[in-house]
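Okay, so here's the structure we're looking at.
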Amino acid sequence: MKNIAAVGVLERIRRLAPQGSVPPYRTVEEWREWQLAEGRKRSEEINRQNRQLRVEKILNRSGIQPLHSKCSFANYQVQNDGQKYALSQAKSIADELMTGCTNFVFSGKTGTGKNHLAAAMGNRLMVKGRSVIIVTVSDVMSVLHDSYDNGKSGEKYRSFAGLICWSWMK
């Protein structure tokens, strides 16, 4: 690398800069430090953007609908003993999914909070860096039904075998 001072780059930068502007460096060493600092800032910004894109990508493929994107265990409203038990079980299952895999079925009447609890579990896992896919029974049945027509029974989900824990929700 050529010596920046020897080829007069700093002087050329000063001439090209708008009149009255003061560069953030006066010497070659200050220029190098400035370049390193700017590089670190840009690198941090790129890392922040990459983290944000990763979170968005995980959220978009999780199966959690926008309506349930803010669901958590804290904002689940318990109205009876059955919901209290369901909340306790959902928390326990979410903890178990952090270290392994388990199977479970949500069942109950409409409006009891099954989707809320599933989304709360998914959101908790995603915050901790885990990937989540929520699939309803009707989604699976629809895909299986469609696959019988072209002989590709279950092919859409076969690639996930061994990678996901199925969430069977009514």
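Counting from -4, one number per residue, gives the positions in the sequence shown under the working numbering.
Ideal Cβ positions, reconstructed from N, Cα and C, are used throughout, including at glycine.
Closest to residue i by C-alpha separation, out of the options, would be which residue?
i: residue 123; options: 92, 59 and 27; result: 92
i: residue 105; options: 127, 130 and 78; result: 78
i: residue 126; options: 20, 27 and 49; result: 49
i: residue 132; options: 107, 64, 118 and 101; result: 101
i: residue 61; options: 143, 140 and 117; result: 117
i: residue 112; options: 136, 8, 84 and 95; result: 84
i: residue 95; options: 29, 120, 36 and 40; result: 120
Less than 7 Å between C-beta atoms, sequence neighbours within five positions excluded: which residues of the same chain meet that for residue i?
i: residue 154; result: Any answer about residue 154 is weak, because its pLDDT of 49 lies below 50 and its placement is not dependable; what the coordinates show is given next. Result list for residue 154: empty, nothing under 7 Å.
Any idea if residue i is buried or exposed, counting beta-carbon neighbours within 10 angstroms, 16 or more meaning buried?
i: residue 164; result: Below a pLDDT of 50, predicted positions are generally treated as unreliable, and residue 164, at 44, falls in that range; no measurement from the model is reported.
i: residue 46; result: exposed
i: residue 156; result: Reliability fails at residue 156, whose pLDDT of 47 lies under 50, so the model's placement of it is uncertain and the value that follows must be treated cautiously. Residue 156 should be labelled exposed.
i: residue 69; result: exposed
i: residue 81; result: buried
Could you give the C-beta distance for residue i and residue j, rounded to a whole number, given that I count them as a contact under 8 Å?
i: residue 115; j: residue 67; result: 5 Å
i: residue 129; j: residue 41; result: Going by Cβ atoms, the distance from residue 129 to residue 41 rounds to 31 Å, so no, they are not a contact pair.
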